[in-house]
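Visitor: Have a look at the structure that comes next, please.
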Amino acid sequence: VEVVMDEKINAAGQFDEDGKTVRLNPKYNFLDTPIHEFGHALIDMLGGLSNSFVRKGVEQLKGTKIWNQVALDYPELSGDMLAKEVLATIIGNKGAIMYESMKNKSAIRNWIDTFFFKIKRLLKIEKDVASFASVKQLNL
Numbered sequence: 017v018e019v020v021m022d023e024k025i026n027a028a029g030q031f032d033e034d035g036k037t038v039r040l041n042p043k044y045n046f047l048d049t050p051i052h053e054f055g056h057a058l059i060d061m062l063g064g065l066s067n068s069f070v071r072k073g074v075e076q077l078k079g080t081k082i083w084n085q086v087a088l089d090y091p092e093l094s095g096d097m098l099a100k101e102v103l104a105t106i107i108g109n110k111g112a113i114m115y116e117s118m119k120n121k122s123a124i125r126n127w128i129d130t131f132f133f134k135i136k137r138l139l140k141i142e143k144d145v146a147s148f149a150s151v152k153q154l155n156l
């Protein structure tokens with residue numbers, strides 16, 4: 017899949033019908049957009065709605081708040097196209113949440129490492145036992 021920065025599209029992102037190009041509009045800066053657009057590619061790589069796993073996801077989402085919102089946002093879509101858009105939306109949203117969560121874990125892990133480094137230096141401790149135990153307990 018090729019990624020193209022394209023200010024001319026009237027959206028934050030677009031997965032071209034050729035199935036080979038993801039277009040991102042740099043004028044928009046949404047974390048979920050590239051994840052959402054690659055979600056389209058991944059759905060297709062799994063075989064689209066002919067894949068039982070993909071169909072199961074669609075069935076679980078039909079009639080939900082997110083399904084209804086996507087249907088309102090994209091009234092020109094129906095059937096399989098709407099189903100794939102809903103799946104890509106969920107993939108984008110969840111991917112953005114996961115990214116933020118990992119970013120936050122990384123930030124707190126860096127803070128904890130620095131904190132224990134300062135304590136080690138202050139107490140002249142050579143082993144990093146306290147830091148290891150605390151990070152392990154926090155599951156970071």
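Quick note on this note's numbering: the sequence shown kicks off at 17 and runs consecutively.
Ideal Cβ positions, reconstructed from N, Cα and C, are used throughout, including at glycine.
Under 8 Å, do residue 99 and residue 58 count as touching if we go by C-beta distance?
Guide: Counted from its first residue, the sequence shown places residue 99 at position 83. Counted from its first residue, the sequence shown places residue 58 at position 42. No, they are not a contact pair.
Visitor: Enumerate in chain order the residues of its own chain whose CB-to-CB distance from residue 23 is below 7 Å, with the five nearest sequence positions on each side excluded.
Guide: Start at 1 with the first residue of the sequence shown, and residue 23 comes out as number 7. Closer than 7 Å at Cβ, skipping near neighbours: 41, 42 and 43.
Visitor: Check whether the segment 64-83 touches the segment 99-113, counting contact only when three or more Cβ pairs, one atom from each stretch, lie closer than 8 Å.
Guide: yes
Visitor: Name the DSSP bridge partner or partners of residue 161?
Guide: Nothing in the structure corresponds to residue 161, since the chain is present only between 17 and 156.
Visitor: With DSSP as the reference, identify every bridge partner of residue 21, one or two as the case may be.
Guide: Here the question's residue 21 lines up with position 5 in the sequence shown. BP columns for residue 21 point to 40.
Visitor: Between residue 108 and residue 37, which are expected to be in contact by the criterion C-beta below 8 Å, what is the C-beta distance as a whole number of angstroms?
Guide: Walking along the sequence shown from the start, residue 108 turns up at place 92. Walking along the sequence shown from the start, residue 37 turns up at place 21. The Cβ separation is near 17 Å, so there is no contact.
Visitor: Please state whether DSSP places residue 50 in a helix, a strand or coil.
Guide: Counting from 1 along the sequence shown, the entry for residue 50 is found at position 34. Reduced to three states, the DSSP call for residue 50 is helix.
Visitor: Residue 112 and residue 62: beta carbons closer than 8 Å?
Guide: Position 96 of the sequence shown holds residue 112. Position 46 of the sequence shown holds residue 62. Not in contact: residue 112 and residue 62 (Cβ atoms no closer than 8 Å).
Visitor: From residue 134 to residue 115, what does the alpha carbon distance come to, in whole angstroms?
Guide: Counted from its first residue, the sequence shown places residue 134 at position 118. Counted from its first residue, the sequence shown places residue 115 at position 99. Going from the Cα of residue 134 to the Cα of residue 115 covers about 29 Å.
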